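Residue numbers (the working numbering): 170 to 227.
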C-alpha cells in the first residue's frame, strides 16, 4: 500500500512539473490540484487549457 501512495504523489508531482510553465498556478498549485482531484484530472485539465501564449515581442 505505501508503494501506491508513493506512485500517486510522484504522478501528482509530474503534473505539477508539466503545469509549472503553462498557467498561473505554478508547480505547487498544480501539484496540490492533482493531489486533491487525482493526477488524471490534473493532466486532463492541463491538456484542455492548452499552452500559455508567449508575451508579444517588440
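Don't be surprised by glycine CBs; every beta carbon is placed ideally from N, CA and C. None of the values given here were measured: they were computed from a predicted structure.
Pop quiz: residue i and residue j are said to be a contact at Cβ under 8 Å. What is the actual Cβ separation, rounded to whole angstroms?
i: residue 184; j: residue 197; result: About 11 Å; that fails the 8 Å criterion.
i: residue 215; j: residue 187; result: 6 Å
i: residue 208; j: residue 180; result: 4 Å
Run through DSSP, which three-state label would residue i get?
i: residue 193; result: coil
i: residue 220; result: coil
i: residue 214; result: helix
i: residue 225; result: coil
How about residue i and residue j: do their beta carbons lie closer than 7 Å?
i: residue 202; j: residue 211; result: yes
i: residue 189; j: residue 220; result: no
Tell me which residues share the same chain as residue i and place their Cβ nearer than 7 Å to its Cβ, disregarding the 5 neighbours each side in the sequence.
i: residue 182; result: 200
Report yes or no: is there a C-beta of chain C within less than 7 Å of the C-beta of residue i?
i: residue 173; result: The chain inventory of the structure shown lacks chain C, comprising one protein chain alone.
Once the 5 residues before and after residue i are set aside, which same chain residues still bring their CB inside 8 Å of it?
i: residue 175; result: none
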